[in-house]
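To keep things clear, I will list the structure first and then write my remarks on it.
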Amino acid sequence: MKSTVLRRMCLLHILGILLSLVASDALAASPALTLTIDTRIAERWTEAKITPSKPATDAAWCRRVYLDVLGRIPTVEELRKFTGDRKPEKRERLVSRLLGDEYLEEYAVNWTTIWTNLLVGRTGGTTNDSLVSRPGMQQYLRRAFQKNKPLDVLMTELVTATGSCRPGDEDFNGAANFLADKLAENGVQATAKTAQIFLGTAVQCTQCHNHPFNEHQQNQFWELNAFFRQARIEPLAMEAGNNRRVARILDRDFAGEGGDPTKAEIYYELRNGKLKVGYPVFIDGTSLVSLYADRGEDFGDSGYVGDINRRQELAKMIRASDEFPRAMVNRIWGHFFGYGFTKPVDDIGPHNPPSHPELLEELAQNLRDTSFDGRELVRAILLSETYALSSEPNRSNLSDDPALGAKPLFSRFYIRQMQAEQLYASLLKATQAQETLAYDEQERTKQQWLAQFNTAFGNDENGEATSFNGSIPQVLMMMNGDLVKRATSADPGSFLAKVADSPKLTSADKIEYLYAAALARPPARNELAVCNQILAAHKGHVGAALQDVWWALLNSNEFILNH
Amino acid sequence: MNPFPIPRGMSRRHFLNHLAGAAAFTVPALSLTNSLALGAEKLKRSHKSAILLWMGGGPPTIDIWDLKPDAPTGGPLKPISTAGDVQICERLPLIAKQMDKLSVIRSMSTREADHDRGAYYMRTGYVPNPNVEHPSYGAVVAHEMEPVVKDLEIPPFVSIGGGSEGPGFLGMAYAPFQVDSSGNVRDLALPVEAQRMNGRVALLDAVESNFISSRKGGVAEEHAKVVRKAMSLLTSQQMAAFQVDKEPQAMREKYGATGFGRSCLLARRLVEAGVPFVEVDFGGWDLHQNCFDRLDQKLPEMDQAMGALVEDLAQRGLWNDTVVLWMGEFGRTPRINGDTGRDHYARAWSAAIGGGGLKGGLAVGATSADGSRVETEPYSAEDLMATVIQALGLSLDTTFTSTNGRPMKIAGGGKVIRDLFA
Numbered sequence: 372m373k374s375t376v377l378r379r380m381c382l383l384h385i386l387g388i389l390l391s392l393v394a395s396d397a398l399a400a401s402p403a404l405t406l407t408i409d410t411r412i413a414e415r416w417t418e419a420k421i422t423p424s425k426p427a428t429d430a431a432w433c434r435r436v437y438l439d440v441l442g443r444i445p446t447v448e449e450l451r452k453f454t455g456d457r458k459p460e461k462r463e464r465l466v467s468r469l470l471g472d473e474y475l476e477e478y479a480v481n482w483t484t485i486w487t488n489l490l491v492g493r494t495g496g497t498t499n500d501s502l503v504s505r506p507g508m509q510q511y512l513r514r515a516f517q518k519n520k521p522l523d524v525l526m527t528e529l530v531t532a533t534g535s536c537r538p539g540d541e542d543f544n545g546a547a548n549f550l551a552d553k554l555a556e557n558g559v560q561a562t563a564k565t566a567q568i569f570l571g572t573a574v575q576c577t578q579c580h581n582h583p584f585n586e587h588q589q590n591q592f593w594e595l596n597a598f599f600r601q602a603r604i605e606p607l608a609m610e611a612g613n614n615r616r617v618a619r620i621l622d623r624d625f626a627g628e629g630g631d632p633t634k635a636e637i638y639y640e641l642r643n644g645k646l647k648v649g650y651p652v653f654i655d656g657t658s659l660v661s662l663y664a665d666r667g668e669d670f671g672d673s674g675y676v677g678d679i680n681r682r683q684e685l686a687k688m689i690r691a692s693d694e695f696p697r698a699m700v701n702r703i704w705g706h707f708f709g710y711g712f713t714k715p716v717d718d719i720g721p722h723n724p725p726s727h728p729e730l731l732e733e734l735a736q737n738l739r740d741t742s743f744d745g746r747e748l749v750r751a752i753l754l755s756e757t758y759a760l761s762s763e764p765n766r767s768n769l770s771d772d773p774a775l776g777a778k779p780l781f782s783r784f785y786i787r788q789m790q791a792e793q794l795y796a797s798l799l800k801a802t803q804a805q806e807t808l809a810y811d812e813q814e815r816t817k818q819q820w821l822a823q824f825n826t827a828f829g830n831d832e833n834g835e836a837t838s839f840n841g842s843i844p845q846v847l848m849m850m851n852g853d854l855v856k857r858a859t860s861a862d863p864g865s866f867l868a869k870v871a872d873s874p875k876l877t878s879a880d881k882i883e884y885l886y887a888a889a890l891a892r893p894p895a896r897n898e899l900a901v902c903n904q905i906l907a908a909h910k911g912h913v914g915a916a917l918q919d920v921w922w923a924l925l926n927s928n929e930f931i932l933n934h
Numbered sequence: 279m280n281p282f283p284i285p286r287g288m289s290r291r292h293f294l295n296h297l298a299g300a301a302a303f304t305v306p307a308l309s310l311t312n313s314l315a316l317g318a319e320k321l322k323r324s325h326k327s328a329i330l331l332w333m334g335g336g337p338p339t340i341d342i343w344d345l346k347p348d349a350p351t352g353g354p355l356k357p358i359s360t361a362g363d364v365q366i367c368e369r370l371p372l373i374a375k376q377m378d379k380l381s382v383i384r385s386m387s388t389r390e391a392d393h394d395r396g397a398y399y400m401r402t403g404y405v406p407n408p409n410v411e412h413p414s415y416g417a418v419v420a421h422e423m424e425p426v427v428k429d430l431e432i433p434p435f436v437s438i439g440g441g442s443e444g445p446g447f448l449g450m451a452y453a454p455f456q457v458d459s460s461g462n463v464r465d466l467a468l469p470v471e472a473q474r475m476n477g478r479v480a481l482l483d484a485v486e487s488n489f490i491s492s493r494k495g496g497v498a499e500e501h502a503k504v505v506r507k508a509m510s511l512l513t514s515q516q517m518a519a520f521q522v523d524k525e526p527q528a529m530r531e532k533y534g535a536t537g538f539g540r541s542c543l544l545a546r547r548l549v550e551a552g553v554p555f556v557e558v559d560f561g562g563w564d565l566h567q568n569c570f571d572r573l574d575q576k577l578p579e580m581d582q583a584m585g586a587l588v589e590d591l592a593q594r595g596l597w598n599d600t601v602v603l604w605m606g607e608f609g610r611t612p613r614i615n616g617d618t619g620r621d622h623y624a625r626a627w628s629a630a631i632g633g634g635g636l637k638g639g640l641a642v643g644a645t646s647a648d649g650s651r652v653e654t655e656p657y658s659a660e661d662l663m664a665t666v667i668q669a670l671g672l673s674l675d676t677t678f679t680s681t682n683g684r685p686m687k688i689a690g691g692g693k694v695i696r697d698l699f700a
């Protein structure tokens, strides 16, 4: 086994050297995984007879790395420190810094945001009927990412959590928030979301019928569901003056729908109205009965928590499955490249095959081999030539556009819109606002601002929508909203006032500074002409002119897009 | 809040002249002045409109439009006679008076009983497909009506109280414009006076254009299009249509002091102003528990608002120009579960439709004695959508080309429901 892996790595090395696209100096420093990525991706360009885009500029690369890793664009100082670095391996150094102690807090906050939205949605814990404590979820995740908790441990803690969702309670366990809104109706949502997030398997439609397009059958859904039937949600007494609901999750003996805990079965209805019986069976067909055959014929079907803790069994099986590392890799890849190997990222299977199956397998294997350390995968991605390609298409790769329904070839960096959270953090950082506020207070103001874009549908799937999607309300918010109004303020002490009053900078320098802060590039000639018109119109009142320039930059497509 | 960002002490005409005169900045591709040149005070009406009353969560139509009082699982609600040749729920006396104008389609039969999938299917006419995003009703109508609503400065697809489905491959310029039931549109006041604004817009246009030319369309271009739409809306007098609180007290009382009541009144104002597609979201129908107690609360709200809407549109002479469609993503089980609720059920359910010249007062199709099966010709999301498209006077021969190059028939190639056409 080991020797085949080695042989494969050797072959990849040779291939990599043969590929002129891979710069030789970067190669020496790149970890093997980075090379695997670039080699596999380049193979497909050759097959498709396309030439990738040219590499992105240092500044463009720097902007996207900050956005993708920390959830915000770099400050002018950070950008200039990087672009001004003349020593070799500067990209490796920046990636190490961003993934290291220096930025640990920001890194943890960003990935907490991403995972909170994934696990409980954007509206989880914000509506009156939600049992989620958003601060509880965030507290758990923030600590997990501060400690770089391996992904398998994270998954296990989330899937098996018991305890109170509310910070401050004696049995507080923030991880319990993942399932808090998902245990109603016998845990249909717990089943669907666990499969989607941790197995990359979209089974939710099979709760009602066999899926017409994929291999998942209705029984698979309900057999997976049987693992959640010991989990109970218990409402907690509300605090005075606060009508937010809270709850704790417990494991309790499950008597089965037939009332016999030694053989705790569930029933589900077929489309023709017939009832079928189900027991805990994992998606690969392994039943708890077969796992515990040595303890007696039906032991595995026991609903007694003392015999078998079904959620813990499930977590073990997820961890051991091929699907788990695949699902994690696909999601992380999708985060950095805008598209996963499948679309959507959480529905992988023969009915929806990945664009680069070998690479997905190799990265998944590597994730397992590195004890599920997500940060190593992130490092390999960030240092790849693939991630460093320009977002400008060339004549040959214009057709490589997953937005047009094509399978991604990753021959350029796909442009995508910033998330609302990224925009918010970027504006705050760029204008040095709120830096003195405590984490909790910052989080509260952020949630308030985000709430304007989110709608919860109030259905049993915790459905929701965001209007921060490039539509008119988002554009109006950027043009006229309070956040941008504050960001473009030139009041004493503000970011713009500091730039305007800086004695060392000429007007041209000041404009250039704003361009670096918003777009990570100098102004183009035709843009500079308009900037000068604006300066002239304000008759020497530089602060007002900078306000206009800053407003225009923040409202541009180039600012709101990750490119 | 004043929705017209006309600076203090300036008349609208004066303001417009100012904008037009601020041409020291010679980059007019994207400018506040573009939309203002039209100056249309009132739209000439040459098109039909549609209002979709979206019942998010999947309402139990067996308790609303197709009652089964004799079936063991028929529930406690009783049918009443109406102004049409159709019986409906006793909790809907006001709608009952308008039933000569509305028809019930009792033979809806679909396959998607998951909220997201069902909502997508019912609102686009297509089942979800990972490789293509289909446009929703509103986006299709907005796109097709574009040539006839040239003077419309406000968005052609407005969604009240919910997000609807997106514009899919038609692009963000046809996305639903989302407002709450009070018609509040956030962030309408320009941050600076018009002349200064044009300097900002000139620079914005330069940056946008440069970025688009290097990135070849796509999201970058979409953004510029949406910016242009937002600009036109910022200075439009037509935005007054959103001010539902300008309605006389009596009219507001008629629709009801409820979210759905205000939304329906707002929908009528928007249709009157020429908006071709308005969706009103009335959610909370996911009645897995205490179905009948909840219906006692929800149905009166629905009755008052929807009854008032139909009557009001008719009294204003808008009924034959306005298609009203009531539906959710699916119906609910004839079976009553252990929590006195009904679960998701797509195989047999009802929708209600009328206006735009469609026949009213009919019950189209029928279900079995217990409501579990459709016993006549079944109708799909595609068929329902085709019916609306036809009633709006749009061509069912329209074919779109999706972003992946595939031809897509309007309304998913559905067939119109013949009984509804004279």
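Residue numbers (the working numbering), protein chains in the order written: chain C, 372 to 934; chain L, 279 to 700. For each residue, glycine too, the CB sits at the ideal point set by N, CA and C.
Check: Short of 6 Å in beta carbon distance, which residues of its chain neighbour F784 of chain C, apart from the five on each side in sequence? Order them along the chain.; Outcome: L760, S762
Check: Nearest to P725 of chain C by alpha carbon, out of C:D740, C:P764, C:L780?; Outcome: C:L780
Check: Quick check on the DSSP output: the beta strand (DSSP E) that includes Q456 of chain L runs from which residue to which?; Outcome: 455 to 457
Check: Residues of the segment 462 to 479 of chain L with a CB closer than 7 Å to any CB of chain C: list them in chain order, please.; Outcome: R464, D465, L466, A467, L468, P469, R474, G477, R478
Check: Distance, Cα to Cα, R696 of chain L vs V666 of chain L?; Outcome: 12 Å
Check: Tell me P727 of chain C's beta-bridge partners as DSSP assigns them.; Outcome: Per the sequence shown, residue 727 of chain C should be read as His rather than Pro. In the DSSP output, where bridge partners are listed per residue, H727 of chain C has none listed.
Check: Measuring alpha carbon to alpha carbon, tell me which of C:V524, C:F516, C:F598, C:R434 ends up nearest F357 of chain C.; Outcome: Outside the modelled stretch of chain C, which goes from 372 to 934, sits residue 357 of chain C, for which no answer is possible.
Check: In the structure shown, what three-state DSSP assignment does H722 of chain C receive?; Outcome: coil
Check: Would you kindly check if the distance between the Cβ of I882 of chain C and the Cβ of C902 of chain C is under 8 Å?; Outcome: yes
Check: Give the residues of chain L in contact with D831 of chain C, contact being defined as C-beta atoms less than 7 Å apart.; Outcome: D564, H566
Check: What are the boundary residues of the alpha helix (DSSP H) that K687 of chain L is part of?; Outcome: K687 of chain L -> not in any alpha helix (DSSP H); beta strand (DSSP E) instead, spanning 685 to 687.
Check: Please compile the residues from chain C whose C-beta is within a distance smaller than 9 Å of the C-beta of Q726 of chain L.; Outcome: The requested residue 726 of chain L does not occur in the structure, where chain L is confined to residues 279 to 700.
Check: What three-state label does DSSP hand Q788 of chain C in the structure shown?; Outcome: strand
Check: Which residues in chain C sit within 8 Å of V497 of chain L, going by Cβ to Cβ distance?; Outcome: A774, I786, R787, Q788, G841, N928, L932
Check: Under 8 Å between C-beta atoms, does T645 of chain L make it to chain C?; Outcome: no
Check: Quick check: what's the CA-CA separation for Q918 of chain C versus M686 of chain L?; Outcome: 46 Å
Check: Along chain C, which residues have their Cβ under 7 Å away from the Cβ of L548 of chain L?; Outcome: Per Cβ cutoff of 7 Å: no residues; L548 of chain L is ~15 Å from chain C at best.
Check: Measuring alpha carbon to alpha carbon, tell me which of C:G496, C:W416, C:T454, C:P445 ends up nearest T428 of chain C.; Outcome: C:T454
Check: Verify the CB distance criterion: does Q819 of chain C have a CB-CB separation below 8 Å to chain D?; Outcome: Within the model displayed, chain D is absent; protein chains C and L are what it includes.
Check: Give the residues of chain C in contact with R493 of chain L, contact being defined as C-beta atoms less than 8 Å apart.; Outcome: S762, E763, P764, I786, H934
Check: Over the uninterrupted alpha helix (DSSP H) stretch that includes G507 of chain C, give me the two end residues.; Outcome: 505 to 517
Check: Excluding five sequence neighbours on each side, which residues of the same chain lie with their C-beta closer than 8 Å to the C-beta of L854 of chain C?; Outcome: Y795, L798, W820, M848
Check: Assuming E579 of chain L and G534 of chain L form a contact by the criterion Cβ under 8 Å, report the distance between their Cβ atoms to the nearest whole angstrom.; Outcome: 6 Å
Check: Is the distance from the Cβ of E443 of chain L to the Cβ of T402 of chain L below 8 Å?; Outcome: yes
Check: Out of L:D599, L:P656, L:N598, L:L640, state which residue places its alpha-carbon closest to the alpha-carbon of A624 of chain L.; Outcome: L:P656
Check: Measure from the alpha carbon of Y886 of chain C to the alpha carbon of each residue in C:K420, C:I444, C:S673, then state which is nearest.; Outcome: C:I444
Check: At a Cβ threshold of 8 Å, is V574 of chain C touching chain L?; Outcome: no
Check: According to DSSP, is D349 of chain C helix, strand or coil?; Outcome: No answer is possible for residue 349 of chain C: it lies beyond the span of chain C, which begins at 372 and ends at 934.
Check: Determine the direct distance from the alpha carbon of K452 of chain C to that of V457 of chain L, and round the result to whole angstroms.; Outcome: 44 Å
Check: Out of L:G562, L:E486, L:F555, L:Y452, state which residue places its alpha-carbon closest to the alpha-carbon of G537 of chain L.; Outcome: L:G562
Check: From C:R603, C:D669, C:V617, pick the residue whose C-alpha is nearest to that of K634 of chain C; which is it?; Outcome: C:D669
Check: Suppose only complete runs of 4+ residues qualify. What are the alpha helix (DSSP H) ranges in the segment 664 to 719 of chain C, listed by chain order?; Outcome: 681 to 691, 694 to 708
Check: Under the assumption that V559 of chain C contacts N596 of chain C (Cβ atoms under 8 Å), give the Cβ distance between them as a whole number of angstroms.; Outcome: 7 Å
Check: Only counting the same chain, and skipping five residues up and downstream in sequence, which positions put a Cβ closer than 7 Å to that of L548 of chain L?; Outcome: V436, A519, V556
Check: Report the residues of the segment 881 to 910 of chain C with a CB closer than 7 Å to any CB of chain L, ordered along the chain.; Outcome: A895, N897, E898, V901, C902, Q904, I905, A908
Check: Sorted by chain position, which residues of the same chain lie with C-beta nearer than 7 Å to V427 of chain L's C-beta, five sequence neighbours on each side aside?; Outcome: H325, P434, G552, P554
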